[in-house]
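Input: a single structure, listed below in structure tokens.
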Ligand code: ITT
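Residue numbers (our numbering): 26 to 210.
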């Protein structure tokens, strides 16, 4: 089976390819725009995006909307994570966190998958901490400033290790369970 992964982010595709390799699903990167509504919920962005892509004729696809929610920043950048990354970037987040003791944060990933007429939406999370400086050159986005265990950043570990514990990995496990229970893989 082929599944179109609609995203501008090749890092996401790489993670999905590693996750789906064992299930004989070929992940095809589709670098295509869809409207990402500005709302407080990742699920709403995904729901609207799926409807738009389906209406425009795309079939057998998945999208994800993700974000890094920093507790001391009242959840910022959260649903504004793409904007936060483009504007203040990792250095900007580190600056906002200067002198802040509570380093806790959670990554969230909401995946929407449409196969034929079957529609699945799942959300995965990964708790962790904001580091004091950027570390590692793997991964993408906020990976260099996020650590799940207080030691290595997501940018310092191989993709398989990130997938085993990450928000996207956890959401993917839920998706795979759902695809199996519906007999789609
Ligand atoms: P698409 O919307 O085109 O899929 P995007 O990179 O804009 O790509 P999101 O809106 O889902 O993806 O992500 C919001 C931001 O959070 C964006 O800057 C990402 O780089 C970042 N991000 C998402 N998942 C991440 C992860 O696993 N590790 C680090 N940063 C991540």
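In this text, a Cβ means the ideal position worked out from N, Cα and C, and glycines have one as well.
Item, Value
"Beta carbon nearer than 5 Å to a non-hydrogen atom of the ligand ITT", "32, 33, 34, 90, 91, 106, 107, 110, 166, 167, 168"
"Selected residue, minimal CA-CA separation from residue 135, among 53, 195, 43, 44", "195"
"Spatial neighbours of residue 171 in its chain, beta-carbon cut-off 8 Å, leaving aside the 5 residues before and after", "93, 130, 132, 153, 154, 155, 156, 178, 179"
"Neighbourhood of residue 137 by C-beta distance below 6 Å, restricted to the same chain and skipping five residues each side", "71, 75, 88, 146"
"Which of helix, strand or coil DSSP assigns to residue 89", "strand"
"Inside the region 125-158 only - beta strand (DSSP E) runs reaching at least 3 residues", "129-140, 143-155"
"Closest by C-alpha distance to residue 63, when choosing among 107, 163, 115, 139", "107"
"Spatially closest choice to residue 205 from 47, 35, 42, by CA coordinates", "47"
"Beta-ladder partner(s) of residue 52, from DSSP", "28"
"Where residue 101 falls: helix, strand or coil (DSSP)", "coil"
"Contact under 8 Å by Cβ, residue 55 with residue 41", "no"
"Cβ shell of residue 192 (< 6 Å), same chain only, five flanking positions each side left out", "132, 133, 134, 149, 150, 151"
"Selection from 188, 45, 80, 49 that minimises the alpha carbon distance to residue 142", "80"
"Residues that DSSP places opposite residue 95 in a beta bridge", "130"
"Cα-Cα separation, residue 158 to residue 119", "7 Å"
"For residue 172, the residue or residues it bridges with in DSSP", "154"
"Straight-line Cα distance separating residue 175 from residue 188", "17 Å"
"Close beta carbons around residue 190, own chain, < 8 Å, minus the five adjacent residues each side", "151, 173"
"First and last residue of the uninterrupted alpha helix (DSSP H) at residue 122", "It is not in any alpha helix (DSSP H) - residue 122 carries neither H nor E in the DSSP assignment."
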